[in-house]
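Numbering (this note's numbering), first residue to last: 81 to 536.
Positions of the beta carbon are idealized from the N, C-alpha and C atoms, including for glycine.
Just so it is clear, the structure is predicted and the values come from calculations on it, not from any experiment.
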Amino acid sequence: MRRSLRLTIVSALLASACSPAGGTGEPAALDSDNPFLDGEAHSSESKFDTGWVSSLNAGEVELDLEADIDPGSGYWDNKAPLRIGQFALTYLRTQSNPKVFVQSLAEDYTNGAESVEWLVGNEWKRGNDSSVPSARPTHFRLRGVNAVVLDPQVADDDLLDTSFKAIVPKRPSTLFTDAGDSCGTPEGDIDVAQSVYWYVWTPEKSSCDRDLLQTVELKVSKVLPRGGAVYPEYDKLMEDGRVDVVVFFGQVGHGAISESDYSFSLIRKFESFLQGANFRKAPDAPKGIRYVREQNGVRMLVDIYTPHEFSGLTDYANKSNFFEAVRSHEIVVWNGHSVLGASDFWANDEIYAGDAAERYQIFIYNGCLGYAYYVNPILEGKLSWDNVDLVTNAIETPFAIMVEETSATLGLIAGSVEGNGDASWQTILDKLNDISGRRGYYGASGVRTNAYTPEP
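Okay, here's the thing in structure tokens:
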């Protein structure tokens with residue numbers, strides 16, 4: 081399907097790698113020592129009293145990319161435009177001013193070539209036209225790719241037809257053969273290789289051959305409305321008088337799972353926050369760890385899945401645990417690695433079986449570059465934005481603050497369902513911004529047309 085992604089609100093998080101060290105510093109001070117209780121206490125306020133007024137200015141647009149590929153003497157690759165889009169994603173995220181965060185095209189590698197338009201003679205033809213491969217065209221366009229522009233420095237109306245330049249390879253499909261590691265920089269344990277070259281792309285390196293590069297333009301073809309105050313659909317969450325939450329903590333390290341993995345420290349900290357908020361540990365959790373609280377007429381259940389139940393988005397041995405948990409809980413929180421957007425788990429039909437596709441859920445994807453990687457697969461699984469509100473970050477998410485972010489978000493939601501439903505998405509995202517040090521880009525997709533409003 082054509083990607084039609086709607087990011088409504090953008091706030092700020094720390095620019096750091098997904099690692100325990102992360103270079104994050106300490107999270108912002110909370111009103112109490114327990115962010116869950118802090119969230120509950122502020123759920124009826126329009127804004128946290130942090131003493132900070134945000135000047136962040138960001139919005140979502142649709143971009144058109146028109147460029148060329150150089151097949152050289154090798155095979156003609158119908159997916160080369162998607163690969164160029166991936167290199168543009170990294171360049172604009174790291175090098176452009178203003179910062180532009182482009183939706184990843186990686187999830188479209190299976191069928192995405194059909195959305196590419198090729199110039200064959202004087203006629204534009206779609207990639208699924210049978211006459212295209214034999215013509216071996218070199219000029220293409222991709223239209224309607226979603227992106228977030230941070231601090232555009234012009235009014236929204238003036239953004240239309242603005243272009244952003246990106247340096248990308250002419251031959252993305254054979255870049256490692258052509259350039260070796262001369263145009264990339266290893267990041268953490270990710271070395272320069274063909275499959276991840278787009279992620280470690282560093283064309284400004286002096287060793288990078290200029291003859292392998294081209295500058296392309298991505299033009300704003302549509303500016304999406306920013307919208308006003310919007311809320312989670314609290315009435316839908318409370319239809320059965322209870323709220324079921326699952327919080328995944330993926331394995332942080334690599335190799336065999338052990339209790340020394342940083343994820344277990346995060347889990348123990350999260351448990352202490354739940355206990356401090358009067359949750360009791362249930363003795364009969366079907367999987368993982370279960371906490372339950374009944375307060376103000378609302379039963380709230382929080383299941384915690386450790387790496388033993390599901391270690392990450394490549395854990396095929398335990399994928400059924402992941403699918404069942406996502407399908408059966410109203411609020412789903414992922415705290416873990418994003419595996420560079422390569423996982424197909426969020427697109428698996430088993431997650432959305434039965435009535436899960438059409439039942440309202442809140443997904444809080446708290447992994448690196450969630451906006452780029454997994455918005456589209458989740459939307460396709462949920463069929464419509466009527467069925468899901470999805471919180472993601474446009475940049476890296478450090479593990480060190482995931483517990484505070486998770487606890488504060490759930491506290492705000494809990495206080496709202498037990499009270500008057502006053503915590504808007506803006507309030508929730510403001511808190512995420514506050515905890516993250518005001519240097520990241522959290523947003524909520526699918527919320528712009530939410531119908532719920534609190535009673536006066």
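As computed with DSSP, A147 is found in a beta bridge with F220. For I458, same chain residues with a beta-carbon under 7 angstroms away, outside a window of 5 residues either side, are W426, F443, V468, L470 in chain order. The stretch 299-307 makes no contact with the stretch 267-282; the number of CB pairs closer than 8 angstroms stays below 3. In this structure, V372 and R360 form a Cβ contact; the two beta carbons are roughly 6 angstroms apart against a cut-off of 8 angstroms. In this structure, DSSP gives V406 a helical state, which the three-state scheme calls helix. Classified as exposed, T265 has fewer than 16 neighbouring CB atoms from the shown chains inside 10 Å of its CB. Within the model, the alpha-carbon separation for G207 versus K250 is close to 19 angstroms. When beta bridges are read from the DSSP output, K299 appears opposite D144, S243. Each of L509, D466, I493 was checked against the Cα of D502, and the nearest Cα belongs to I493.
The residues G264, T265, in chain order, have a CB closer than 6 angstroms to that of T282 in the same chain once the five nearest residues on each side in sequence are set aside. In the three-state reduction of the DSSP assignment, R306 falls in the coil class, being assigned neither a helical nor a strand state. Between the alpha carbons of V419 and D289 lies a gap of roughly 29 angstroms.
Secondary structure of I270 (DSSP, three-state): strand. Taking C-beta atoms under 8 angstroms as the contact rule, R370 and L381 qualify, at a distance of about 7 angstroms.
Using a Cβ-Cβ distance cut-off of 8 angstroms, the stretch 218-228 and the stretch 138-155 are in contact, since at least three pairs of beta carbons, one from each stretch, lie closer than that value. Distance from the Cα of Q183 is smallest, within the candidate group P232, S391, G224, W204, for G224. Scanning its chain for C-beta atoms nearer than 8 angstroms, with the 5 sequence neighbours on each side dropped, one finds around H409 the residues D324, V325, V326, D383, Q441, in chain order. Around C448, the same chain offers C98, S418, E476, T477 as residues with beta carbons nearer than 6 angstroms, after the five sequence neighbours per side are excluded. Between the alpha carbons of M318 and Q506 lies a gap of roughly 21 angstroms. Secondary structure note for E498: its alpha helix (DSSP H) is the uninterrupted segment 482-498. In this structure V412 is in contact with V406, their Cβ atoms being roughly 5 angstroms apart against a cut-off of 8 angstroms. Q166 sits buried, since 16 or more C-beta atoms from the chains shown fall within 10 Å of its C-beta.
Burial is judged here by how many other beta carbons sit within 10 angstroms of a residue's own beta carbon; D237 has fewer than 16 and is exposed.
The residue from L162, K399, T386, V497 with its alpha-carbon nearest to that of V248 is L162. DSSP, read as helix, strand or coil, puts Q183 in coil. Each residue's CA atom was taken as its position, placing T472 and V455 some 8 angstroms apart. A direct Cα-to-Cα measurement between L509 and L255 gives close to 39 angstroms. Using a 10 angstroms sphere on the CB of A474, the tally of other CB atoms reaches 16 or more, which defines it as buried. In this structure, DSSP gives Q294 an extended state, which the three-state scheme calls strand. Of all alpha-carbon atoms in A362, D315, K462, the one lying nearest the alpha-carbon of N500 is that of D315. Between S345 and the set P387, Q175, E404, H219, the nearest pair of CA atoms involves P387. For F443, the enclosing beta strand (DSSP E) stretches over residues 441-445.
For E313, there is no enclosing alpha helix (DSSP H), as DSSP marks it with neither H nor E.
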